[in-house]
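Trainee: Residue numbers (this note's numbering), protein chains in the order written: chain F, 1343 to 1489; chain Y, 1343 to 1489. Every residue, glycine too, gets a C-beta built ideally from N, C-alpha and C.
Protein chains: 2
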Amino acid sequence: MRLSTKGEYASRAMLELSLHHEEKPLHIRDISKAQDIPERFLEQILLQLKRAGYLRSRKGPNGGYYLSKPPAEINVAEVIRVMDGPLAPIDCVSVTAHEVCPHESSCGLKGLWKEVRDAVAKIMETATFEELAERTRAARAGRRRGA
Amino acid sequence: MRLSTKGEYASRAMLELSLHHEEKPLHIRDISKAQDIPERFLEQILLQLKRAGYLRSRKGPNGGYYLSKPPAEINVAEVIRVMDGPLAPIDCVSVTAHEVCPHESSCGLKGLWKEVRDAVAKIMETATFEELAERTRAARAGRRRGA
DNA sequence: CAATAGTCGACTAACTCAATCGACTTAGTG
DNA sequence: CACTAAGTCGATTGAGTTAGTCGACTATTG
């Protein structure tokens, strides 16, 4: 039930971009440093997120990446699906990857996997980057006040 | 967020053993056929489950595998952890694999991963093989009555 | 003692993951 | 207009994991 590092990096990058939304575009390098992600690897990830429509970019000096819509309109589930595919623990209960389950005899399990899928999807679909950015800002402020 | 085939096979095998609990031990071959799992691969899986204490076995004719305790006392989470390790999407929120998270700046995400882990764990820990076997029997009976 | 059935460790082929590289295109600056 | 900063793109790689196989061994029963 592991998340790939790509998925993790992608959500961290999206969070970083959300924190700086409506400022200048962010360089790959800056995101890379802020979130400690290998630059060359991050490049691929951002490109993939751009192709999926979540990011826009500008080339040349003062270029960089920025969100294509407000962070409140992007949730974690979409991002993870772009990077890692369906959220379901096994394909036959996936909403995005339909597949017929040939194992009638183990249908007792199928219901369970469905529950898991739904729970995970619900949590991740509810979490917007707006909210995550807010949580992060609050955590940082708390730390500065000395907790 | 995928389950490994090993984890899936293991839970199917445990379900099959639960369905025949308190009868004769089941041969690897019979489980393999009933649940459509490669025999030689299943062998490894059963051995691993045995070493973890969930199964016992008897050699020789009329031998086979059987549960070491009633299906009501075994839940899916344990089985998956034996095969695939921690349920958590990333290590820093795992209960079983403790690791320090060096990314203060992305703590907004940590809370989310924790929610996911807890939700998954709760569902899988609640599901016993007794219950799953019951569901399976009901589904089969329903199918026989012609639904 | 022959046949059955689990045990064990080694092995491998295929695949995925994480990451790197080089060459290219585009955009702004002096 | 030349230079440089920055994103784009495709290919490749190395390590590790996964899924599965194999052969030789041990224990049990009839």
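Please give the ranges of any alpha helix (DSSP H) in the segment 1349 to 1406 of chain F, keeping only runs that are unbroken, at least 4 residues long and fully inside the region.
Mentor: 1370 to 1377 and 1381 to 1393
Trainee: So is V1414 of chain Y in contact with chain F if we call contact Cβ pairs under 8 Å?
Mentor: According to the sequence provided, residue 1414 of chain Y is Ala. The question's Val does not apply to it. It does not: the Cβ of A1414 of chain Y has no partner Cβ on chain F nearer than 8 Å.
Trainee: Could you pull out every residue in the same chain whose Cβ sits closer than 6 Å to the Cβ of L1391 of chain Y, ignoring the five residues on either side in sequence?
Mentor: L1397
Trainee: Can you grab the Cα-Cα spacing for the pair L1384 of chain Y / D1378 of chain Y, in whole Å?
Mentor: 10 Å
Trainee: Ends of the alpha helix (DSSP H) at R1423 of chain Y?
Mentor: V1418 to D1426
Trainee: Does the beta-carbon of R1393 of chain Y have 16 or more other beta-carbons within 10 angstroms, so that it is buried, or is it exposed?
Mentor: exposed
Trainee: Apart from the five residues on each side of it in sequence, which residues of its chain come closer than 8 Å, Cβ to Cβ, to A1355 of chain F?
Mentor: So the qualifying residues of the chain are I1373, Q1377, I1379, L1384, I1387, L1388 and L1391.
Trainee: What does the alpha-carbon distance come out to for the pair C1449 of chain F and R1423 of chain Y?
Mentor: 21 Å
Trainee: Note down, in chain order, every chain Y residue with its Cβ under 8 Å from the Cβ of R1477 of chain F.
Mentor: C1449, G1450 and G1453
Trainee: How would you call R1459 of chain Y, buried or exposed, if buried means at least 16 neighbouring beta carbons within 10 angstroms?
Mentor: buried
Trainee: Please report the straight-line C-alpha distance between L1368 of chain Y and A1469 of chain Y, rounded to a whole angstrom.
Mentor: 23 Å
Trainee: Taking buried to mean at least 16 other C-beta atoms within 10 Å of its own C-beta, is G1406 of chain Y buried or exposed?
Mentor: buried
Trainee: Quick one: list the residues of chain Y neighbouring S1374 of chain F, beta-carbon separation under 7 Å, in chain order.
Mentor: Simply none; closest approach about 13 Å.
Trainee: Leaving out the 5 sequence neighbours to the left and right, which residues in its chain are closer than 7 Å to K1456 of chain Y when beta-carbon positions are compared?
Mentor: The residues are V1435.
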